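K.L.:
Would you mind keeping the following structure in view while I ask a few things?
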Amino acid sequence: MKILNASQSEAIAEAARIIRGGGLVAFPTETVYGLGADACNPMAVARVYEVKRRPRIDPIIVHVASPEDAKLYGMFPDNFANILMTRFWPGPLTLVVPRTARIPPIVTAGLDTVAIRMPAHPAALALIRESDRALAAPSANPFGSVSPTEASHVADQLSDQIDLILDGGRCAVGVESTVLSLTGPVPRILRAGGLPAETIRDVVGELEWSADALERPEAPGQMERHYATLTPLEVLEEGDPNARPRSGERVGLLSLTDPEGCCTYSAVEVLSPTGDMREAAANLFAALHRLDHLKLDRLVAFPLPERGLGAAIMDRLRRCAVRVSGSRGPGGKR
Ligand code: AMP
Ligand code: MG
């Protein structure tokens, strides 16, 4: 499978040809790597669902290169949309609004609303512009597994099922975009992500959260179990007796800062030695990929403070930790 350097214009030109021809290209964004298809080509979008083994009830985010283009695909309300786009685009904020007829139902899983964002990575913007298409792009990984933040993660997980990978280095933000619904009177967060809720609230004033997505999914795609490692992971307080390896057990630890007395673990991943949440988010998925590759008995993550990007990180860790009975996990099979 082909991997091209995303900073080269010939690579972008080839990727754009593939998109226009109905193919699939994995491309870098500032959040995670996306698996892009022409959003207005239902056959191409169908292949995205197939390659990812993504349930057809889980809508896909449409990526555009300007607020003007966004308005071709979504009907943006007068209240907060313009100010949010001006302040936070390009960037890790996805807006959910009523869709226009240009968007085929397969993109939105049949919903009357569409999720749209303008990514900040120059290669993503170049690809959208050069192909002259909006890109329907979920994360470039099999559904439910750990998201890719490096081109090698995409190659490891999707290898020969896609047409091209554009390598744009490590994703700077490292967690998916914040998904914000503008369909009601008050903006509502559907998914915590790369733009902290506090920052959005500073602009819109009042902000709602969807009901705890783990208990009562409100939007399709707020899947209970997601971002999952093959090795079972638990989120445990540092003092919890289960947070320590039992004798003969090989346990990996994911911690925000350097933990004390960590020598009993088989591997330790520190997300940010200084406790910086941005750095932690940027390192999160790569650290999970590394721990998972070691094929340890289990993984433990210490909880992070849920302020700023900590909310998005904890959301990912909690979903990673959910075990589905009868599947992988303690007592289950790999
Ligand atoms: P992903 O592309 O996997 O990062 O996830 C996109 C997520 O955005 C979905 O799983 C939904 O939670 C959310 N989303 C996308 N489209 C819509 C929509 N029309 N209405 C509500 N949520 C949406
Ligand atoms: Mg995903």
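Be aware that the sequence shown starts at 1, since it is given in the working numbering, and climbs by one per residue. Ideal placement from N, C-alpha and C gives every residue a C-beta, glycine not left out. Given the structure is predicted, the values throughout are model-derived calculations rather than measurements.
So does histidine 226 have its beta carbon nearer than 8 Å to some heavy atom of ligand 3?
P.N.:
By its list of ligands, the structure shown excludes ligand 3, since it contains just ligand 1 and ligand 2.
K.L.:
In the DSSP assignment, find the beta strand (DSSP E) that holds proline 196 and state where it starts and stops.
P.N.:
No beta strand (DSSP E) holds proline 196; DSSP gives it neither H nor E.
K.L.:
Rounding to the nearest angstrom, what Cα-Cα distance links histidine 226 and glutamate 30 in this structure?
P.N.:
20 Å
K.L.:
Is the region 295-310 touching the region 244-254 in the sense that three or more CB pairs, one from each, lie closer than 8 Å?
P.N.:
yes
K.L.:
What is the DSSP secondary structure of serine 210, counted as helix, strand or coil?
P.N.:
coil
K.L.:
What three-state label does DSSP hand valine 204 in the structure shown?
P.N.:
If DSSP states are grouped into helix, strand and coil, valine 204 belongs with the helices.
K.L.:
Please report the Cβ distance between leucine 166 and alanine 123, rounded to the nearest whole angstrom; I am assuming they are in contact, meaning their Cβ atoms lie under 8 Å.
P.N.:
6 Å
K.L.:
For chain D, find out if any of its Cβ atoms is closer than 9 Å to the Cβ of histidine 289; answer yes or no.
P.N.:
The structure shown contains no chain D; it holds only a single protein chain.
K.L.:
How far does the alpha helix (DSSP H) with glycine 36 in it reach, from first residue to last?
P.N.:
Taken as a continuous stretch (DSSP letters only), glycine 36 belongs to no alpha helix (DSSP H), being part of the beta strand (DSSP E) at 34-38.
K.L.:
Since arginine 298 sits in a beta bridge, which residues does DSSP pair it with?
P.N.:
Val251
K.L.:
Which partner residues of histidine 63 appear in the DSSP bridge assignment?
P.N.:
According to DSSP, histidine 63 bridges with Arg117, Leu135.
K.L.:
Can you give the beta carbon distance from leucine 233 to alanine 301, rounded, assuming they're within the 8 Å contact cut?
P.N.:
6 Å
K.L.:
Considering only C-alpha positions, which residue in the set Leu195, Leu190, Thr199 is nearest to glutamate 354?
P.N.:
Nothing about residue 354 can be reported from this structure: the residues present for the chain run from 1 to 334 only.
K.L.:
Helix, strand or coil: which one does DSSP assign to serine 266?
P.N.:
Correct three-state label for serine 266: coil.
K.L.:
So, do the region 49-60 and the region 69-89 have three or more beta carbon pairs nearer to each other than 8 Å?
P.N.:
no
K.L.:
Which one of Leu291, Ser266, Gly205 has the shortest CA to CA distance from phenylalanine 80?
P.N.:
Gly205
K.L.:
On the criterion of 16 or more Cβ atoms from any shown chain inside 10 Å, does isoleucine 83 qualify as buried, or is it exposed?
P.N.:
When all chains shown are included, isoleucine 83 counts as exposed.
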